[in-house]
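Enquirer: Submitted below is the structure of interest, expressed as structure tokens.
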Amino acid sequence: AEEIRANTDARIESVLRSEREWLHRGPQARGTKAQARIDSIHEKMNRLRMSKEELAQNKEFAFEVTGRRLGGKILEVESISKSWPKPDGSRKKVIDDFSYVFKKGEKIGVFGDNGTGKTTLLNLLTQELEPDAGKVSRGDNTVFAYYRQNPTFPDTTQTVLEYIKDIAEVITLPDGVKVSASKLLEQFGFEGKIQYSPLSTLSGGERKRVYLVRLLMANPNFLVLDEPTNDFDIYTMG
12 AEEIRANTDA RIESVLRSER EWLHRGPQAR GTKAQARIDS IHEKMNRLRM
62 SKEELAQNKE FAFEVTGRRL GGKILEVESI SKSWPKPDGS RKKVIDDFSY
112 VFKKGEKIGV FGDNGTGKTT LLNLLTQELE PDAGKVSRGD NTVFAYYRQN
162 PTFPDTTQTV LEYIKDIAEV ITLPDGVKVS ASKLLEQFGF EGKIQYSPLS
212 TLSGGERKRV YLVRLLMANP NFLVLDEPTN DFDIYTMG
């Protein structure tokens, strides 16, 4: 967690670096645009400070749920292959004869350039997509939570709390304590009246955060995250 937080801070600082250098040169706020830029820099720096304080206050909270046991068989992949058609009529093979037996407690990262088939692989593993050859076999007790790159919200008039309660009203944390949907939202920074705000009013980062909460409310035991830090807000990335 400390490493993730450090990397997050580094990314934020890199965004602000040029603006801070400009500010340190002592520009004269002679015009409206210059003053607006100065105000914007101070606002961003203040947001960074506040976000770090929020992270410190919530650093002991873990993105974990419990109560659903894994069986002996979790997920087995046997010689799967997948290709996509190309404009010239040929096919581009992105997965070729891949096999793997997933074990309890594993944390696996998939790395590669854009277009190399990372999302295709995840879609195959979660059986959102059928392989051209081979077989994917999920254990009877395996329940996926699949975090997609671009989550969609069918009804953005729903409030934040309604959206979460669609899945469950109570969840059990690792220590056995049962927590309501409202309390879990508070743990993820959705406090007070924002729980009763329509999804359409949320920022991009807030939408990704509430989408993650909804996935966790389903009490999964197999998390699949497709580039989860893209466009996340500072709070969630910490």
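Counting from 1 along the sequence shown, just add 11 to a position and that's the residue number in our numbering.
Just so it is clear, CB atoms sit at the ideal spot from N, CA and C, and this is done for glycine as well.
It should be emphasised that the depicted structure is a prediction, and the values quoted were computed from it without experimental measurement.
#1: Note down the Cα distance separating residue 115 from residue 195, rounded to an integer number of angstroms.
#2: Closest to residue 129 by CA distance: which of 143, 139, 144, 106 is it?
#3: Would you give the residue range spanned by the beta strand (DSSP E) that residue 189 belongs to?
#4: When you compare each of 206, 188, 221, 119 to residue 163 by their alpha carbons, which one comes out closest?
#5: Could you give the uninterrupted runs of the beta strand (DSSP E) lying entirely in the stretch 67 to 145, keeping only those of 3 residues or more?
#6: Have a look at 211, 137, 92 and flag the residue whose alpha-carbon is nearest the alpha-carbon of residue 150.
#7: I'd like the span of the beta strand (DSSP E) that includes residue 181, first residue to last.
#8: Is it the case that the stretch 143 to 161 contacts the stretch 210 to 230, given that we only count it when at least three CB pairs across the two stretches are under 8 Å?
#9: By the three-class DSSP mapping on this structure, what secondary structure does residue 208 have?
#10: Rounded to whole angstroms, what is the Cα-Cα separation between residue 213 and residue 180?
#11: Since I believe residue 94 is in contact with residue 108 (beta carbons under 8 Å), could you give me their beta-carbon distance rounded to a whole number of angstroms?
Expert: The relevant details are as follows:
#1: 26 Å
#2: 106
#3: 189 to 191
#4: 221
#5: 86 to 96, 102 to 113
#6: 137
#7: 181 to 183
#8: yes
#9: coil
#10: 21 Å
#11: Contact flag wrong, Cβ pair sits at about 12 Å.
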